[in-house]
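> Going letter by letter, the sequence shown gives residues -20 to -1, 1 to 288 in mature numbering (1 follows the signal peptide of the UniProt record, and there is no 0).
This is the structure I want to talk about, given as structure tokens.
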Amino acid sequence: MFPEAFKYLLLLATLQLVSAAAKTLPQGQSIGATTNVTIQSSGIDRTYLISIPPKFDAGDLTPVIFSFHGGEENATEQQELSQFSNSEFNDFAIAIYPQGINKTWQGVPGDSANDLQFVTDILDQLEQQFSIDTARIWASGKSDGGGFTNTLACDSTLSARIAAFAPVSGAFYIPGSGCDPETVTIPCNPARTRIPMLEFHGLKDKTVSYAGNSSRKNACLPAIPHWAQAWAARDELANPTVNVTSNLTADTLVYTFGTGADEGLVVQVTDSKLAHDWPSTVPVGDKETASFNATPIIIEFFQKYPLL
Ligand SMILES: *[C@@H]1O[C@H](CO)[C@@H](O)[C@H](O)[C@H]1NC(C)=O
Ligand SMILES: *[C@@H]1O[C@H](CO)[C@@H](O)[C@H](O)[C@H]1NC(C)=O
Ligand SMILES: *[C@@H]1O[C@H](CO)[C@@H](O)[C@H](O)[C@H]1NC(C)=O
Ligand SMILES: *[C@@H]1O[C@H](CO)[C@@H](O)[C@H](O)[C@H]1NC(C)=O
Ligand SMILES: *[C@@H]1O[C@H](CO)[C@@H](O)[C@H](O)[C@H]1NC(C)=O
Ligand SMILES: *[C@@H]1O[C@H](CO)[C@@H](O)[C@H](O)[C@H]1NC(C)=O
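Now the structure itself:
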């Protein structure tokens, strides 16, 4: 038995440990605001936007959402497009909008950046500066940024740090041209099975065709159903070529893969009216609006899938 005074000291020491873990915000950052951060990665100055959510509490573990911009776009535009800093959709997770070199990402033909290292360096910095909920780090992105989201999911290291993935109008480039988009083998080396994957694609997409492309930028783009089914197979879902089809809106079908506990681990959403856009009912930067908002669906999906 400890004497009362000793118990009190123990309690004090514990409280001090807890408050030491409750880190304060880095210089220049504040709740509800977005800040531009410069970080050295692979010997180069890189930048990312960080947005601190309204419900941020330094004493709590905070989740992280990465949002990668499309080709020819930038981090500011991606913040506007993906709305992950809109408190109506996300009031709890730190949103990170990294800036790609030459406005694109590793994995896009001709790009020589080490963006896997860039993401690793951002994650290491965040985990140093904040009490990050390391089971709740998620990634999304549009077009080339959707492709890079898939590259992260396929990476043997980062797929073990990021819990779930949601590309929008993703450009899933495969080296070499002249493929059959319906059957091409998709290189992928994830660290684990049961990787949660949610994709959105428009049938009117003329940039990254739903049917795939045997030669874009001298590379191959898989047909979207083939790509989704390949994830269902990689995730070892039962009958990976079979999905349950349901309606989201009059022009949007949801293809759900998996059964039982795995139901919905891979989901592909097809909008027959959507072009190469981020689905949003209000204008957020893309050419057209859609019949639904992708962002709250993505956040709900993310919250279902912490790392186990
Ligand atoms: C962030 O800062 C860098 C370096 O000053 C600058 O080049 C870049 O345009 C800034 N990004 C944004 C989104 O303001
Ligand atoms: C991002 O792109 C927008 C639209 O082209 C432009 O107005 C803005 O200055 C760009 N921001 C940065 C930091 O380059
Ligand atoms: C960016 O573009 C320049 C000019 O085309 C090129 O020299 C450089 O290799 C590109 N950087 C990356 C990381 O691909
Ligand atoms: C494939 O990409 C090329 C080059 O961007 C483009 O001209 C062609 O229309 C695309 N084909 C399809 C089916 O989208
Ligand atoms: C889901 O199944 C339907 C019916 O077989 C098929 O037409 C559709 O392409 C499938 N969707 C995906 C994403 O595989
Ligand atoms: C989706 O809705 C359309 C139009 O309302 C309807 O024709 C179609 O049968 C529905 N499909 C499914 C799978 O519910």
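Cβ atoms here follow ideal geometry from the backbone N, Cα and C, with glycine treated the same way.
This one's a predicted model, so the numbers in the text were calculated from it and none came from an experiment.
Between G87 and the rest of its own chain, which residues show a CB-CB distance below 7 Å, the 5 nearest in sequence each way excluded?
The residue given as residue 87 occupies position 107 in the sequence shown. G127, F128, T131 and Y153.
> Of all the alpha helix (DSSP H) runs that stay within the bounds of the stretch 73 to 127, which reach a length of 4 or more residues?
With a minimum length of 4 residues, the continuous alpha helix (DSSP H) runs that stay inside the stretch 73 to 127 are 95 to 109.
> Measuring from each Cβ to the nearest heavy atom of ligand 4, keep the ones under 5 Å and list them in chain order.
Going along the chain, the residues that qualify are S189, N193 and R196.
> Per DSSP, which one or two residues make a beta bridge with E179?
Counted from its first residue, the sequence shown places residue 179 at position 199. Paired residue(s): Q248.
> Nearest-angstrom Cα distance between D124 and R214?
Position 144 of the sequence shown, counting from 1, holds the residue named residue 124. Position 234 of the sequence shown, counting from 1, holds the residue named residue 214. Distance between the alpha carbons of D124 and R214 is about 22 Å.
> Report whether the distance from the Cβ of Q59 to the nearest heavy atom of ligand 5 is below 6 Å.
As a working note, residue 59 is residue 79 in the sequence shown. Because no heavy atom of ligand 5 lies under 6 Å away, the Cβ of Q59 does not count as near it: no.
> How is S21 classed by DSSP in three states: helix, strand or coil?
Your numbering for residue 21 matches position 41 in the sequence shown. S21: strand per DSSP, three-state reduction.
> Is any heavy atom of ligand 2 found at a distance shorter than 6 Å from the C-beta of T165?
Against the sequence shown, residue 165 aligns to sequence position 185. Result no, Cβ not under 6 Å from ligand 2.
> Below 6 Å CB to CB, which residues in the same chain sit around K253 once its five sequence neighbours on both sides are set aside?
Counting from one through the sequence shown, the residue named residue 253 turns up at place 273. Excluding residues within five positions, the ones whose Cβ falls inside 6 Å are D231.
> The alpha helix (DSSP H) spanning L61 covers which residue range?
As a first step, residue 61 must be located in the sequence shown, where it is residue number 81. Segment A55 to S62, the alpha helix (DSSP H) holding L61.
> Could you name the residues that DSSP lists as bridge partners for Y28?
Counted from its first residue, the sequence shown places residue 28 at position 48. Y28 is bridged to V17 and P78.
> Could you tell me which residues DSSP pairs with V224 in its beta bridges?
Along the sequence shown, one-based indexing puts residue 224 at 244. According to DSSP, which records beta bridges pairwise, V224 is partnered with T236.
> Going by DSSP, name the residue or residues bridged to S47.
Taking the first residue of the sequence shown as position 1, residue 47 is located at position 67. Answer is S120.
> I'd like the span of the alpha helix (DSSP H) that includes F282, first residue to last.
As a working note, residue 282 is residue 302 in the sequence shown. Where F282 is concerned, the enclosing alpha helix (DSSP H) stretches over A274 to K284.
> Using only the alpha-carbon positions, how far apart do A212 and G8 sit?
Walking along the sequence shown from the start, residue 212 turns up at place 232. Walking along the sequence shown from the start, residue 8 turns up at place 28. Distance between the alpha carbons of A212 and G8: 43 Å.
> Considering only the beta carbon of each residue, do G244 and T236 sit closer than 7 Å?
What you label residue 244 is simply residue 264 of the sequence shown in a count that begins at 1. What you label residue 236 is simply residue 256 of the sequence shown in a count that begins at 1. Contact: yes.
> Determine, for S62, whether the minimum Cβ-Cβ distance to residues of chain D falls below 7 Å.
The question asks about chain D, but that chain is absent: this structure has only one protein chain.
> Once you ignore the five residues that flank T221 on each side, which residues in its own chain have a CB closer than 6 Å to its CB?
Counted from its first residue, the sequence shown places residue 221 at position 241. Cβ neighbours of T221 beyond the five flanking positions: Q209.
> Under a Cβ-count criterion, where at least 16 other Cβ atoms within 10 Å of its own Cβ denotes burial, should residue 289 be classed as buried or exposed?
Residue coverage of the chain in this structure runs from -20 to 288, which leaves residue 289 outside it and unanswerable.
> What's the gap between the Cα of D25 and the Cα of N94?
What you label residue 25 is simply residue 45 of the sequence shown in a count that begins at 1. What you label residue 94 is simply residue 114 of the sequence shown in a count that begins at 1. Each residue's Cα considered, the two are about 12 Å apart.
> Let me make sure I understand the geometry here. Which of G39, E60 and S65 has the alpha-carbon closest to that of I45?
For the purposes of this step, residue 45 is identified with residue 65 of the sequence shown, where counting begins at 1. Nearest of G39, E60 and S65 to I45, Cα basis: S65.
> I believe F110 touches I74 by the beta-carbon criterion, under 8 Å. Please report the beta-carbon distance rounded to the nearest angstrom.
Within the sequence shown, the letter at position 130 stands for residue 110. Within the sequence shown, the letter at position 94 stands for residue 74. Contact flag correct, Cβ pair sits at about 7 Å.
> Does the beta carbon of A151 fall short of 6 Å from some heavy atom of ligand 3?
In the sequence shown, residue 151 corresponds to position 171, counting from 1. A151: no, Cβ never under 6 Å from ligand 3.
> For N223, verify whether its CB is less than 6 Å away from any heavy atom of ligand 5.
Here residue 223 refers to the residue found at position 243 of the sequence shown. Under cutoff, so the answer is yes.
> Could you pull the DSSP bridge partners for P6 from this structure?
Counting from 1 along the sequence shown, the entry for residue 6 is found at position 26. Note: P6 sits in no beta bridge, so no partner.
> By how many angstroms is the C-alpha of A199 removed from the C-alpha of T42?
As a first step, residue 42 must be located in the sequence shown, where it is residue number 62. As a first step, residue 199 must be located in the sequence shown, where it is residue number 219. Approximately 38 Å, taken between the alpha carbons.
> Could you tell me if the beta carbon of A27 falls within a distance shorter than 6 Å of some heavy atom in ligand 1?
Residue 27 sits at position 47 when you count from the first residue of the sequence shown. Ala is not the amino acid found at residue 27; the sequence shown has Thr there. T27: yes, Cβ under 6 Å from ligand 1.
> Where DSSP assigns a beta bridge to R196, which residues make up the other side?
For the purposes of this step, residue 196 is taken as residue 216 along the sequence shown, with counting starting at 1. DSSP output for R196 lists A199 as bridge partner(s).
> Specify, as a first and last residue, the run of the beta strand (DSSP E) that P147 falls within.
Here residue 147 corresponds to residue number 167 of the sequence shown, with the count starting at 1. Segment A144 to V148, the beta strand (DSSP E) holding P147.
> Mind listing, in chain order, the residues whose beta carbon lies closer than 6 Å to a non-hydrogen atom of ligand 3?
The answer, residue by residue, is I81, N82, D91, S92 and A93.
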